[in-house]
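Visitor: Have a look at the structure that comes next, please.
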Amino acid sequence: MTIDLLLNAFTLPFMQRAIVAGVVIGIAAAFLGVFITLRNLSFYSDTIAHSALAGIALGLLFHLSPTLSAILFCIFIGIITVAIKNRSVISLDTVVGVIFSAGLSLGVVLISLLPSYRSELFSILFGDILTLTWWDVSVAAAVSISVIVFLLYTSKRLLLMTFSSDFTFVRGINGTRLDYAFFIVTALTIAVSIKIVGIILVTGLLILPAAIAKNLAKSFKQLVWLAAIISVVSTTVGLSLSFILDLPAGPTIILVSTVGFVLSLFGRVK
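See the structure below:
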């Protein structure tokens, strides 16, 4: 009975859109998450996600596309983060902490000015992947392909920056420009992922597959491939469980990934 229900679910248009969007953005997010975890930028991804609340609120306030306004605002936050980091003596963590507080506060204030949209707050916070349109899926696919191409093109330089910024300078690599590009790409991915798992949980979509893969992989190549595979499996299983058990899709996907992370800790034991 459950198998029949699940098979029937995959024939439904909204489930098909959810699976396609979840898989394509999940692969890009997992690939990006590898570099985020290696560079210890998990807090930055959380900051971008929470700042997106202000971007969405601005879109609703001025009757613009919330997705587009979130993308533009997240990119703006990414640029501001790198600019302040390069022009200040304070640490990146402190810069990100300041932006996190300011971005989230601005978002809450703007949302408070939109009483007619408060009913949509749950989907903004926790995602609503089952309401995606094919246009949303197309945007997710375009962003995912762009992110993957960027990471494939810059992966060696990003690894050099991760482990030795001095060596990057010696090799003649423009670290500042690469930083801007990486932070912007991260912001773009997060903005598009919000519809899948929401503002609160989007960091999990980025770092959990990479964290699981890091516990199991023995090389960087394995790390990337495992993260992508784990993301696809977690998304598919999470969506299936959410449909069968009538649970919210975004949180269910993250919980499946969390279970995978716990299991990977045991798999790491020699």
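Under the working numbering, read the sequence shown as residues 191 to 460, first letter to last. The beta carbon of each residue, even a glycine, is placed where N, CA and C say it ideally should be. The model shown is predicted, which means the values in this text are computed figures rather than measured ones.
1) Would you mind reading off the limits of the alpha helix (DSSP H) that contains V423?
2) Excluding five sequence neighbours on each side, which residues of the same chain lie with their C-beta closer than 8 Å to the C-beta of V333?
3) Ordered along the chain, which non-local residues of its own chain (more than five positions away) have a Cβ less than 7 Å from that of V422?
4) Please go through the stretch 210 to 266 and give each complete alpha helix (DSSP H) segment of 4 or more residues, from N-terminal end onward.
5) Measuring alpha carbon to alpha carbon, tell me which residue in I319, V339, L341 is nearest M205.
6) By DSSP, does T448 sit in helix, in strand, or in coil?
7) Output the distance between the C-alpha atoms of V339 and F221, rounded to the nearest integer angstrom.
8) Identify the continuous alpha helix (DSSP H) that holds A407 and give its terminal residues.
9) In or out: G268 buried (at least 16 other Cβ within 10 Å) or exposed?
10) Mind listing, in chain order, the continuous alpha helix (DSSP H) runs of no fewer than 4 residues lying wholly within the stretch 262 to 336?
11) Among I209, T257, V210, W415, which has the Cα closest to the Cα of G403?
12) Can you tell me whether T393 is helix, strand or coil according to DSSP?
13) Return yes when the Cβ of T227 is within less than 7 Å of the Cβ of A400, no when it is not.
Guide: On the basis of the coordinates in this document:
1) Counted from its first residue, the sequence shown places residue 423 at position 233. Counting along the chain, the alpha helix (DSSP H) containing V423 begins and ends at 410 to 435.
2) The sequence position of residue 333 within the sequence shown is 143, counting from 1. Apart from sequence neighbours up to five positions away, the residues of its chain that approach V333 with a beta-carbon distance below 8 Å are I215, A218, L378, T379, V382, ordered along the chain.
3) Within the sequence shown, numbered from 1, the residue matching residue 422 stands at position 232. The beta carbon of V422 sits closer than 7 Å to those of V213, G216, I217, all from its chain and outside the five residues before and after it, given in chain order.
4) Listed in chain order, the complete alpha helix (DSSP H) runs (minimum 4 residues) inside the stretch 210 to 266 are 232 to 251.
5) Within the sequence shown, residue 205 is the residue found at index 15, counting from 1. Considering only alpha carbons, the answer is I319.
6) As a working note, residue 448 is residue 258 in the sequence shown. Reduced to three states, the DSSP call for T448 is helix.
7) As a first step, residue 339 must be located in the sequence shown, where it is residue number 149. As a first step, residue 221 must be located in the sequence shown, where it is residue number 31. Taking the straight line joining both Cα atoms gives about 11 Å.
8) The count along the sequence shown starts at 1 and reaches residue 407 at position 217. Run containing A407: none; DSSP gives neither H nor E here.
9) For the purposes of this step, residue 268 is taken as the residue at position 78 of the sequence shown. Buried, since its Cβ has 16 or more Cβ neighbours within 10 Å.
10) If only complete runs of 4 or more residues are kept, the stretch 262 to 336 shows the alpha helix (DSSP H) at 282 to 302, 311 to 316, in order along the chain.
11) The residue labelled residue 403 in the question sits at position 213 within the sequence shown. Gly is not the amino acid found at residue 403; the sequence shown has Ala there. Nearest of I209, T257, V210, W415 to A403, Cα basis: W415.
12) Working through the sequence shown from its first residue, we reach residue 393 at position 203. Secondary structure at T393: helix, using DSSP grouped into helix, strand and coil.
13) In the sequence shown, the residue the question calls residue 400 occupies position 210. In the sequence shown, the residue the question calls residue 227 occupies position 37. Closer than 7 Å, so yes.
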